[in-house]
Structure formats: structure tokens, C-alpha cells
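Enquirer: Once you've had a glance at the structure underneath, I'll fire off some questions.
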Amino acid sequence: MMTKIFNATLILFMALLVSCAYSKPVNQEILAAVKTPGPKPTSFSEFSRERNRLLEEEAISSLSKKTPILLSDASIPSDALLITNGIIIDGTGKAPIPNGMIIIWQKQILYVGPLKTFTNSPDVDIIDIEGNTMMPGIINAHTHHTYDPVTRHNLLMEGVTSICDLGCSMRCMPHFDEHYTPQNQPAARGFKAGPMLTAPGGYPGTFYGNSWHYDVSNVTEAEAAVYDLLSRGSDVIKIALEPGPLQDPWPVLKPSEVKKIVDTAHLYNVKVCAHVRQAAVLDIALTSGVDVIEHIPVPYRSVDEIKQYLKEDKLHLSAWPQLQNQFRYMADHNVILVPTLEANIAVLNQTCQLTESEQQQSIDFVLEIVRYFHEIGGVIALGNDFGSVGVERGMPIKEMELLLSADLTPMDVIRAGTYSAAQAIGYDDQLGSLEEGKIADLIVVDGDPLADIITIKKVTIIIQDGQLVYRSSEL
Numbered sequence: 474m475m476t477k478i479f480n481a482t483l484i485l486f487m488a489l490l491v492s493c494a495y496s497k498p499v500n501q502e503i504l505a506a507v508k509t510p511g512p513k514p515t516s517f518s519e520f521s522r523e524r525n526r527l528l529e530e531e532a533i534s535s536l537s538k539k540t541p542i543l544l545s546d547a548s549i550p551s552d553a554l555l556i557t558n559g560i561i562i563d564g565t566g567k568a569p570i571p572n573g574m575i576i577i578w579q580k581q582i583l584y585v586g587p588l589k590t591f592t593n594s595p596d597v598d599i600i601d602i603e604g605n606t607m608m609p610g611i612i613n614a615h616t617h618h619t620y621d622p623v624t625r626h627n628l629l630m631e632g633v634t635s636i637c638d639l640g641c642s643m644r645c646m647p648h649f650d651e652h653y654t655p656q657n658q659p660a661a662r663g664f665k666a667g668p669m670l671t672a673p674g675g676y677p678g679t680f681y682g683n684s685w686h687y688d689v690s691n692v693t694e695a696e697a698a699v700y701d702l703l704s705r706g707s708d709v710i711k712i713a714l715e716p717g718p719l720q721d722p723w724p725v726l727k728p729s730e731v732k733k734i735v736d737t738a739h740l741y742n743v744k745v746c747a748h749v750r751q752a753a754v755l756d757i758a759l760t761s762g763v764d765v766i767e768h769i770p771v772p773y774r775s776v777d778e779i780k781q782y783l784k785e786d787k788l789h790l791s792a793w794p795q796l797q798n799q800f801r802y803m804a805d806h807n808v809i810l811v812p813t814l815e816a817n818i819a820v821l822n823q824t825c826q827l828t829e830s831e832q833q834q835s836i837d838f839v840l841e842i843v844r845y846f847h848e849i850g851g852v853i854a855l856g857n858d859f860g861s862v863g864v865e866r867g868m869p870i871k872e873m874e875l876l877l878s879a880d881l882t883p884m885d886v887i888r889a890g891t892y893s894a895a896q897a898i899g900y901d902d903q904l905g906s907l908e909e910g911k912i913a914d915l916i917v918v919d920g921d922p923l924a925d926i927i928t929i930k931k932v933t934i935i936i937q938d939g940q941l942v943y944r945s946s947e948l
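Just so we're aligned, residue 474 is where the sequence shown starts under the numbering used here, counting upward by one.
In C-alpha cells, the structure reads:
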């Protein structure tokens with residue numbers, strides 16, 4: 474009974490109750506003829522429209538990548554925005570630029586670097602940030618229930634310029650293309666996976682009904698499901714590998730099905746992320762070429778096993794060499810980990826069957842796994858499972874603090890929430906760092922986040938798509 478209660482609690486925080494009506498995709502309606510895929514579109518406003526043409530008679534039109542506009546040493550365009558007199562943290566992990574400036578024009582970053590002299594028109598808008606810090610806007614790479622532009626507007630106003638929703642119904646998907654609220658307020662950029670690909674009778678349908686899942690019974694359906702989701706505008710593909718309760722396990726996708734999903738998505742340069750909480754199924758994802766592991770795979774499946782491993786002194790990573798090997802494989806093959814520590818720890822803290830000491834030892838084990846993965850060179854991206862039970866709203870500061878507890882440096886944490894998060898959703902060529910030619914999504918914060926990560930909450934300027942959407946009255 475205790476095991477069942479724990480497993481119900483464990484699964485409960487993995488996702489939220491569905492608030493949108495169910496619209497199950499029908500495999501037999503997928504067009505049989507799929508044309509040769511083209512390159513990934515670079516314009517976000519065009520991205521979903523291009524995806525909707527995947528199953529039509531013609532292949533996707535080739536959209537060339539924007540060529541960065543070259544900035545002459547002599548002049549700045551008259552309608553440019555110049556931000557100056559501040560520290561620059563560019564998101565790549567490079568050393569900060571102490572007295573830097575950024576020039577933005579037509580959504581792009583024209584220049585980022587040390588303060589230098591340009592000839593500029595008197596019409597150029599210049600913002601002196603008075604020693605504050607410029608950095609990329611935060612990207613939350615794992616959220617739920619963020620389809621509503623009002624929710625995303627609130628996130629944007631906190632400094633979260635992009636999110637990736639990793640579980641929603643078909644009917645919610647079009648809302649991610651709504652860039653403004655009904656009151657014409659800008660919203661954080663919304664990437665989405667749509668429903669998770671899973672085995673019939675598997676998670677999340679076993680627990681939350683049909684809205685968040687898309688059944689795949691064989692390799693043919695696996696391929697068709699990817700085409701269907703891409704045609705509906707999915708920016709990433711998410712699979713669920715969740716065996717569920719120990720006593721009454723749930724079915725999971727077969728390795729051949731996962732491989733077909735990955736191979737098909739990769740034809741379109743689309744990332745595949747996998748919900749994996751159990752180390753026992755991690756190899757299915759890794760051997761199939763999955764790009765991102767969501768959550769932290771652990772060797773236990775019940776509260777009873779936690780207690781047993783604590784009694785046997787096995788709740789530490791050295792007791793699990795196979796798990797270490799799996800994480801080394803991830804690091805060697807650039808498989809990104811989005812640990813969602815805040816959500817993981819929230820459920821451990823809420824598990825009444827564990828004593829306070831047992832809870833803390835379980836939390837220490839989870840942090841040890843993240844610490845080990847970071848130490849061996851693994852890429853960690855920030856995502857806090859926003860929308861889940863016990864997860865704070867707004868800027869994911871708690872997740873950042875937990876990553877610090879796993880011995881990431883403040884610079885590592887900033888990279889996780891910017892460049893690495895953009896990598897996890899497949900848009901690091903356009904977002905996630907302050908580099909010339911990239912889209913200008915950035916924030917200015919009052920203070921130095923390398924000295925105190927909480928400083929990231931003190932947002933004084935927000936720029937999205939090169940547009941100033943918020944400026945503190947103090948600047």
C-alpha cells in the first residue's frame with residue numbers, strides 16, 4: 474500500500490491535470506506520401522507554417538539562414554538600439570566583458586563587445602545601464618501549461634524570454650503561436666512538443682487521460698506520429714519512457730520504435746527529448762540516439778526501495794557503476810540533461826512515508842548524480858517542470874540555486890539557462906547567447922549574478938526580438 478501511495482505521489486508531480494479538451498490524432502488520416510524534408514526554417518513566425526507543409530505534395534521550401542548584417546566601424550543605423558556601460562555575460566561561458574556595449578538593429582545583434590566608438594545618427598536610441606549586467610534572456614526548457622499568452626507574458630516580465638512546453642493537448646498547440654495577450658502585451662516565445670509519444674496503455678495516458686499522449690504501436694506508427702506532430706507545429710518531439718509502479722508496471726515504447734522516432738525527427742533537424750525517471754529504461758533512449766533526457770534517472774522505483782537502499786548504504790552513486798556508465802555515455806555523446814531538480818525535490822519533500830533524514834539523503838543522492846554528470850563534462854540545461862506541484866512560478870531561481878548546490882558555478886548556471894537551454898530545444902544557432910547575428914533576446918539585471926544568482930530576479934530591462942518590452946523607471 475505504501476508503495477502504491479508513493480508511486481501515485483511520484484507520478485502526480487510529473488504532469489498537471491489537463492485543462493484543454495482532448496483531440497486525439499488519428500493515424501489513418503496521415504497522408505501516405507511524405508516528401509523529402511527541407512532545412513529548418515529560421516523565422517519563428519514562419520516555423521509552424523512551414524511545418525504544416527510537411528505532408529503536402531511539395532517539400533518544404535528552402536529558407537536560407539539569415540546572413541548577419543555587417544556593422545561598419547564608421548556608422549550605426551539610425552534606427553538601431555545601443556545599450557552601453559555595463560557588464561556583458563554572453564551565455565556561452567566565456568569571461569564577462571567588464572565595460573561592454575551591444576548594438577541591436579532589426580531584431581538582430583549587430584555588435585557585442587567592449588565599448589568602442591562609432592559614428593551614429595542623433596536618432597540612435599542609447600541606453601546607459603550604469604554598470605548593470607547584460608545577459609541573454611532566460612530559457613525555461615521544461616514547462617507545462619504555458620500555452621496561454623497571459624501566462625507567457627507574466628514569464629516574460631520576469632525575464633524568461635522563451636519556454637518549451639513538453640506536454641500539452643493537440644488543441645492547446647496553436648496557442649503557442651499567439652505572441653501577444655488579448656490586451657496586446659508581448660508574451661515569452663513559446664516552443665512546444667505537443668502530446669508525448671508513448672506505448673498504448675503507457676504514461677501519461679495511464680494517469681491523466683488521453684490529452685497528453687499519442688499512442689504508438691509499431692515502427693510504422695512511430696514514423697507517422699512524428700510526421701503528424703511536425704505537421705501540427707511541434708518544435709521538439711517528446712517520448713515517454715515511464716515504467717510506472719513496480720507492482721503493476723506500465724508498457725513503454727520498444728527500442729525499435731524509439732529509434733524510428735529519433736531518426737525521423739532528425740531528418741528535419743528536430744530534437745527528441747525523453748521523459749526518463751528510471752535508470753532501467755535509460756538505455757532505450759541512449760541507444761536510440763535521443764538528444765535530451767528530461768528528469769533524473771534513478772535506480773529506485775518505490776519508497777520501499779529507497780528505504781532498502783538506505784539501509785544497505787546504497788543510495789550513493791558509487792554503488793551504481795552501471796548508472797555512472799550511462800551518464801558517461803551521455804557526456805561522451807553530448808546528450809543533454811534537464812534535471813528538473815525543483816520538481817524532483819518537491820515530491821521527495823512531500824513524501825510522508827520518508828522521515829526527514831531519509832528525504833534529505835534522497836535529495837543528496839539526486840544532487841550527487843547531477844554533480845557527477847557536470848564533473849565529467851555533461852551538458853546541463855535549465856528546466857524546472859514549471860506548472861508541476863511544488864514548483865515556483867516566474868523566474869526559475871529555485872532551480873538555479875539547486876544547480877549551485879550540485880556544485881555548478883554561477884556562470885555554469887547562467888549557461889544552463891541560456892545557451893544550453895537553447896541547445897536542448899534546437900535553437901542555439903539563433904537564441905541563447907549574445908552573439909553577432911543572433912536574435913536579440915536579452916535582459917539587463919541590477920547587479921552581478923556571478924556574485925549572487927538572486928540578482929537575476931532584479932530585471933531592469935527586457936528586450937525580445939530586438940524590441941524593448943520593459944525598462945525600469947530607474948534607467
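Here a beta-carbon is modelled for each residue, glycine too, at the ideal position from N, C-alpha and C.
Would you decide whether P673 is buried or exposed? Buried here means 16 or more other CB atoms lie within 10 Å of its CB.
Expert: Translated into the one-based positions of the sequence shown, residue 673 becomes position 200. Flag for P673 reads exposed.
Enquirer: Flag this pair as yes or no: are the beta carbons of V915 and L923 separated by less than 8 Å?
Expert: Along the sequence shown, one-based indexing puts residue 915 at 442. Along the sequence shown, one-based indexing puts residue 923 at 450. What sits at residue 915 in the sequence shown is Leu, not Val. Not in contact: L915 and L923 (Cβ atoms no closer than 8 Å).
Enquirer: To the nearest angstrom, how far is it from the Cα of Y620 to the Cα of V862?
Expert: Start at 1 with the first residue of the sequence shown, and residue 620 comes out as number 147. Start at 1 with the first residue of the sequence shown, and residue 862 comes out as number 389. Distance between the alpha carbons of Y620 and V862 is about 18 Å.
Enquirer: How would you label N807, buried or exposed, when you count the other beta carbons within 10 angstroms and need 16 or more for buried?
Expert: Taking the first residue of the sequence shown as position 1, residue 807 is located at position 334. So N807 ends up on the exposed side.
Enquirer: Out of A568, T565 and L555, point me to the one whose CA is closest to I576's CA.
Expert: Indexing the sequence shown from 1 puts residue 576 at position 103. Checking every option, the nearest Cα to that of I576 belongs to L555.
Enquirer: Tell whether a beta-carbon distance below 8 Å holds between G890 and L855.
Expert: Here the question's residue 890 lines up with position 417 in the sequence shown. Here the question's residue 855 lines up with position 382 in the sequence shown. Their beta carbons are under 8 Å apart, which means G890 touches L855 by this criterion.
Enquirer: Which residue wins for smallest C-alpha separation from H615, given the options M607, L639 and P622?
Expert: Stepping through the sequence shown from its first residue, residue 615 is reached at position 142. Closest option to H615, Cα to Cα, is L639.
Enquirer: In the DSSP assignment, find the beta strand (DSSP E) that holds N613 and state where it starts and stops.
Expert: Taking the first residue of the sequence shown as 1, we reach residue 613 at position 140. N613 -> beta strand (DSSP E) spans I611 to T616.
Enquirer: Three or more C-beta pairs closer than 8 Å, one from the region 840-857 and one from the region 763-778: is that the case here?
Expert: Verdict: yes, contact present.
Enquirer: Can you give me the C-alpha to C-alpha distance between V507 and N742, rounded to a whole angstrom?
Expert: For the purposes of this step, residue 507 is taken as residue 34 along the sequence shown, with counting starting at 1. For the purposes of this step, residue 742 is taken as residue 269 along the sequence shown, with counting starting at 1. Reliability of the predicted coordinates at V507 is poor, the pLDDT of 36 falling under 50, and the value obtained from them is presented with this limitation in mind. Rounded to the nearest angstrom, the two C-alpha atoms are 16 Å apart.
Enquirer: Candidates L740, K711, T565 and Q720: which alpha carbon is nearest L726's?
Expert: Here the question's residue 726 lines up with position 253 in the sequence shown. Answer by Cα proximity: K711.
Enquirer: Assuming the contact rule is C-beta atoms closer than 8 Å, V886 and M868 should be a hit. Round their C-beta distance to whole Å, please.
Expert: What you label residue 886 is simply residue 413 of the sequence shown in a count that begins at 1. What you label residue 868 is simply residue 395 of the sequence shown in a count that begins at 1. No, V886 and M868 are not in contact; Cβ-Cβ is about 12 Å, not under 8 Å.
Enquirer: Beta-carbon within less than 7 Å of M475's beta-carbon, same chain only, minus the 5 sequence neighbours each way: which residues are those?
Expert: The residue labelled residue 475 in the question sits at position 2 within the sequence shown. Because the pLDDT of M475 is 35, which lies under 50, any placement of that residue in the model is unreliable, and the number read from its coordinates should be weighed accordingly. The residues are V776, D777 and Q826.
Enquirer: From V623 to R866, what distance separates their C-alpha atoms?
Expert: The sequence position of residue 623 within the sequence shown is 150, counting from 1. The sequence position of residue 866 within the sequence shown is 393, counting from 1. Roughly 13 Å between the two C-alpha positions.
Enquirer: With respect to the beta strand (DSSP E) encompassing N558, which residues constitute its N-terminal and C-terminal limits?
Expert: On the sequence shown, residue 558 is found 85 positions in, with the first residue counted as 1. Run containing N558: L554 to I561, per the beta strand (DSSP E) assignment.
Enquirer: Less than 8 Å between C-beta atoms, sequence neighbours within five positions excluded: which residues of the same chain meet that for I542?
Expert: For the purposes of this step, residue 542 is taken as residue 69 along the sequence shown, with counting starting at 1. The pLDDT assigned to I542 is 44, lower than 50, so where the model puts this residue is not dependable; a value taken from the coordinates is nonetheless given after this. W578, Q579, Q581, L583 and G910, listed in sequence order.
Enquirer: How far does the alpha helix (DSSP H) with L703 in it extend, from its first residue to its last?
Expert: Residue 703 sits at position 230 when you count from the first residue of the sequence shown. That run of the alpha helix (DSSP H) goes V692 to S704.
Enquirer: Going along the chain, which unbroken runs of the alpha helix (DSSP H) with 4 or more residues stay wholly within the region 829-854?
Expert: Correct list: 829-848.
Enquirer: Just grab the DSSP bridge partners of A747 for me.
Expert: In the sequence shown, the residue the question calls residue 747 occupies position 274. DSSP output for A747 lists I712 and I766 as bridge partner(s).
Enquirer: Tell me the start and end of each unbroken alpha helix (DSSP H) in the region 616-671 that is at least 4 residues and wholly inside, in chain order.
Expert: DSSP runs (the alpha helix (DSSP H)) wholly in the region 616-671: 622-629.
Enquirer: Report back the beta-carbon spacing between I769 and N817 to the nearest angstrom; my notes put them in contact at under 8 Å.
Expert: For the purposes of this step, residue 769 is taken as residue 296 along the sequence shown, with counting starting at 1. For the purposes of this step, residue 817 is taken as residue 344 along the sequence shown, with counting starting at 1. Confirmed, about 6 Å.
Enquirer: Measure the beta-carbon distance from A713 to T671 and round it to whole angstroms, keeping in mind my assumption that it falls under 8 Å.
Expert: Locating residue 713 in the sequence shown gives position 240, where the first residue counts as 1. Locating residue 671 in the sequence shown gives position 198, where the first residue counts as 1. About 4 Å; that satisfies the 8 Å criterion.
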